[in-house]
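Peer 1:
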Amino acid sequence: MNTNHGFKVTLNENVLTHAGIEDKQFIVSCILDSFNRQISPETETNLQVSGLITASQQHVKWVNTPLKLGDKITIEVINKNFNAPETISAPKSEEDILQKKLKTYNKLKEELKNYLNEQS
1 MNTNHGFKVT LNENVLTHAG IEDKQFIVSC ILDSFNRQIS PETETNLQVS
51 GLITASQQHV KWVNTPLKLG DKITIEVINK NFNAPETISA PKSEEDILQK
101 KLKTYNKLKE ELKNYLNEQS
């Protein structure tokens with residue numbers, strides 16, 4: 001049985017995608033956003049279905065669409081028949097991934113130094 005879960009996303013009864021990734025470590029997300037900014041008269045409401053292939057740090061995107069008043073969105077959890085993403089970023093090099101991990105490590109080390117000193 002496939003334990004990878006993804007999402008069947010429907011907008012106004014039209015299937016937009018079957019988003020999912022066949023990999024051991026991944027992220028798939030459905031994001032709804034609505035914003036109104038003082039610096040611009042524009043307002044936006046959007047649906048984005050995207051994710052990350054963790055090992056290669058590749059960002060993927062299936063859907064990025066504006067929404068309007070009255071739109072109906074349904075999201076069903078699925079585990080097969082995933083669509084390929086519409087876009088996939090270039091994979092990060094091993095060196096880039098290592099540098100990002102080291103940056104995170106050093107940031108956490110600094111942030112937690114008082115706690116770590118208490119534990120020793």
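Each residue of the sequence shown is one higher than the one before, counting from 1 in our numbering. Glycine is no exception: its CB is placed at the ideal position from the N, C-alpha and C atoms.
1. Under 7 Å Cβ to Cβ from Ile53, same chain only, skipping five residues before and after it: list those, please.
2. Count the C-beta pairs between the region 70 to 85 and the region 6 to 16 that are closer than 8 Å, then say yes if the count reaches three, no if not.
3. Measure the alpha-carbon distance for Gln57 versus Ala90 and round it to whole angstroms.
4. Mind pulling the beta strand (DSSP E) runs of 3 or more residues that sit fully within the region 69 to 112?
5. Buried or exposed: which applies to Thr17, given that a residue is buried once 16 or more other Cβ atoms fall within 10 Å of its Cβ?
6. When we look at the beta-carbon of Pro85 and count the other beta-carbons within 10 Å, is it buried (16 or more) or exposed?
7. Helix, strand or coil for Gln119 per DSSP?
8. My understanding is that Ser29 touches Gly51, with C-beta atoms under 8 Å, so please give their C-beta distance in whole angstroms.
9. Out of curiosity, what's the CA-to-CA distance linking Leu108 and Ile97?
10. Is Asn36 closer than 8 Å to Asn64 when the C-beta atoms are compared?
Peer 2: Reading off the structure:
1. Ile21, Asp23, Phe26, Val60
2. yes
3. 9 Å
4. 73 to 78
5. buried
6. buried
7. The three-state secondary structure of Gln119, taken from DSSP, is helix.
8. 6 Å
9. 17 Å
10. No, Cβ-Cβ distance for Asn64 and Asn36 is not below 8 Å.
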